[in-house]
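K.L.:
In this note's numbering, the protein residues as written are 19 to 296.
1. Would residue 212 be called buried (16 or more neighbouring beta carbons within 10 Å of its own) or exposed?
2. Here's the rule: buried if 16 or more other CB atoms are within 10 angstroms of the residue's CB, otherwise exposed. What is residue 249?
3. According to DSSP, is residue 238 helix, strand or coil?
4. On the criterion of 16 or more Cβ atoms from any shown chain inside 10 Å, does residue 26 qualify as buried, or is it exposed?
5. So is residue 91 buried or exposed if we call it buried at 16+ other beta carbons inside 10 Å?
6. Spatial neighbours of residue 281 within its chain, please: C-beta separation below 8 Å, excluding the five flanking residues on both sides.
7. Nearest-angstrom Cα distance between residue 296 and residue 246?
8. Could you give the C-beta distance for residue 286 and residue 222, rounded to a whole number, given that I count them as a contact under 8 Å?
9. Which residues mark the beginning and the end of the beta strand (DSSP E) in which residue 170 is found?
10. Report the rounded CA-to-CA distance for residue 317 versus residue 244, giving the unit in angstroms.
11. For a quick check, are the C-beta atoms of residue 145 and residue 69 less than 8 Å apart?
12. What are the start and end residues of the beta strand (DSSP E) that includes residue 115?
13. Does the structure place the region 108-121 close enough to the region 71-86 that three or more beta carbon pairs sit under 8 Å?
14. Roughly how far, in whole angstroms, is the beta-carbon of residue 284 from the beta-carbon of residue 51, given that I think they are within contact range, below 8 Å?
15. Taking just the CA atoms, how far does residue 167 sit from residue 293?
16. Under DSSP, the beta strand (DSSP E) around residue 227 begins and ends at which residues?
17. Enumerate in chain order the residues of its own chain whose CB-to-CB distance from residue 157 is below 8 Å, with the five nearest sequence positions on each side excluded.
18. What residues in its chain sit with their C-beta under 7 Å from that of residue 36, if we drop five residues either side in the sequence?
19. State the CB to CB distance for the pair residue 44 and residue 238, rounded to an integer number of angstroms; the pair is presumed to be in contact (CB under 8 Å).
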């Protein structure tokens, strides 16, 4: 593992620990079209064993748990200990014994091969230093004939909030998520999946609108509850004021009254592991 990859894993692990408490209030509604699209494309069946990689606070895992029922099981994994703790606590409160969560690196899954009927990775692959390794692991843990459903952010130009990355990079050499939008390019996921041996691949795009009540909410979503939370935590107040001002200026074309309606795009892919494996 290279020094760069170790740095990226550290940024993601501790950055999402910082963002965990604010993630759902700031992003659940915005990401709902992607999650619903993923679940519609690959609906869990009663009794199935489901893996949810980069599960976060369990938004997809809990929806899947409802559909597989008590005869099935859902395992959610995430690199962030705080995210896992939040999801585990909710599962306990809800009394859901068939959904469990564990801290795990998506590129090195501590799961036996041929264990799952369905695997999800909802808006997590872009954050991984080696997404090919993550897809290879997903291929390994799926049973023959098992389905993989992945969603990533789409084209950079179609995601209004994407300006947050250069704004943060101008203040600190964060190098966060260098492949973030490359995976959302037309056919990129399909090519990766094909190269790894998946078949019956389908890819589609979901256009969305990210709505924020005001500039404060838009800034919190961009800086506090998302992928640059680690860098944000290290900014002093003058830098925070500067990046907030630059971000609000960059997203001003989508201002409506006091709020914002920014474009967003997701790329969703469904693939299957061949039934006849050597």
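No residue lacks a Cβ here, since even glycine has one placed at the ideal position from N, Cα and C. A quick note: this is a predicted structure, and the numbers were derived from the prediction, not measured.
P.N.:
Straight from the coordinates:
1. As a working mapping, residue 212 is identified with position 194 in the chain shown. Under this definition residue 212 is an exposed residue.
2. In the chain shown, residue 249 corresponds to position 231, counting from 1. Residue 249 is buried by the Cβ-count criterion.
3. The residue given as residue 238 occupies position 220 in the chain shown. Looking at residue 238 - three-state DSSP - the assignment turns out to be helix.
4. Here residue 26 corresponds to residue number 8 of the chain shown, with the count starting at 1. Answer is buried; the Cβ neighbour count reaches 16.
5. By one-based count along the chain shown, residue 91 stands at place 73. Looking at its Cβ environment, which holds 16 or more other Cβ atoms inside 10 Å, residue 91 is buried.
6. Numbered from 1 along the chain shown, position 263 holds the residue referred to as residue 281. Once the five neighbours on either side are set aside, the close Cβ partners of residue 281 are 176, 177, 178, 225, 226, 227, 228 and 272.
7. Start at 1 with the first residue of the chain shown, and residue 296 comes out as number 278. Start at 1 with the first residue of the chain shown, and residue 246 comes out as number 228. Model confidence at residue 296 stands at a pLDDT of 47, short of 50, so the residue's coordinates are unreliable and nothing is read from them.
8. Counted from its first residue, the chain shown places residue 286 at position 268. Counted from its first residue, the chain shown places residue 222 at position 204. The pair is a contact, with the Cβ atoms about 5 Å apart (cut-off 8 Å).
9. In the chain shown, counting from the first residue as 1, residue 170 sits at position 152. Here the beta strand (DSSP E) through residue 170 covers 160-171.
10. There is no way to answer for residue 317, as the model of the chain reaches only from 19 to 296.
11. Taking the first residue of the chain shown as position 1, residue 145 is located at position 127. Taking the first residue of the chain shown as position 1, residue 69 is located at position 51. Going by C-beta atoms, residue 145 is not nearer than 8 Å to residue 69.
12. Along the chain shown, read from residue 1 onward, the residue named residue 115 stands at position 97. Unbroken run through residue 115: none, as it is neither H nor E.
13. The region 71-86 is in contact with the region 108-121.
14. The count along the chain shown starts at 1 and reaches residue 284 at position 266. The count along the chain shown starts at 1 and reaches residue 51 at position 33. Yes, they are in contact, since the Cβ atoms of residue 284 and residue 51 sit about 7 Å apart, within 8 Å.
15. In the chain shown, counting from the first residue as 1, residue 293 sits at position 275. In the chain shown, counting from the first residue as 1, residue 167 sits at position 149. Looking at the two C-alpha atoms, the distance is approximately 17 Å.
16. In the chain shown, the residue the question calls residue 227 occupies position 209. Unbroken beta strand (DSSP E) run through residue 227: 217-230.
17. Numbered from 1 along the chain shown, position 139 holds the residue referred to as residue 157. Once the five neighbours on either side are set aside, the close Cβ partners of residue 157 are 166, 214, 215, 216 and 291.
18. Here the question's residue 36 lines up with position 18 in the chain shown. Taken in chain order, the residues that qualify are 247, 248 and 251.
19. For the purposes of this step, residue 44 is taken as residue 26 along the chain shown, with counting starting at 1. For the purposes of this step, residue 238 is taken as residue 220 along the chain shown, with counting starting at 1. Their Cβ separation, rounded to whole angstroms, is 6 Å, which keeps residue 44 and residue 238 in contact under 8 Å.
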